[in-house]
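Each residue of the sequence shown is one higher than the one before, counting from 16 in this note's numbering. Even glycine gets a Cβ: it sits at the ideal position worked out from N, Cα and C.
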Amino acid sequence: MRRLRRNDGLNLLSNHLLSGRVPMMTLVHTLAVAEYLNFRHAANALGVAQSSVSARVKA
């Protein structure tokens, strides 16, 4: 397994954004976190577990 170079993560993110392939629920979870400024509060508002919000935003 090869190591990711520092720019690889940025390239992966930009490829997803430029290709228009960001899943809708990932956007919804990200916007909820941005609105509430707290993963737990965003998860409560969405009716999901905090760990699932964290995982979606991280991915």
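- In this structure, Val72 keeps its C-beta atom at 9 Å or more from the C-beta atom of Leu61.
- Proximity to Thr45 across Val63, Ala57, Ser66 peaks at Ala57, based on C-alpha coordinates.
- Within the same chain, Cβ atoms closer than 7 Å to the Cβ of Ala64 are found at Ala58, the five residues on either side in sequence being excluded.
- Shown here for Tyr51: same chain residues with a beta carbon closer than 6 Å to its own, the five before and five after excluded, namely Ala57 in chain order.
- Spanning the alpha carbons of Val37 and Val43 requires a straight line of approximately 11 Å.
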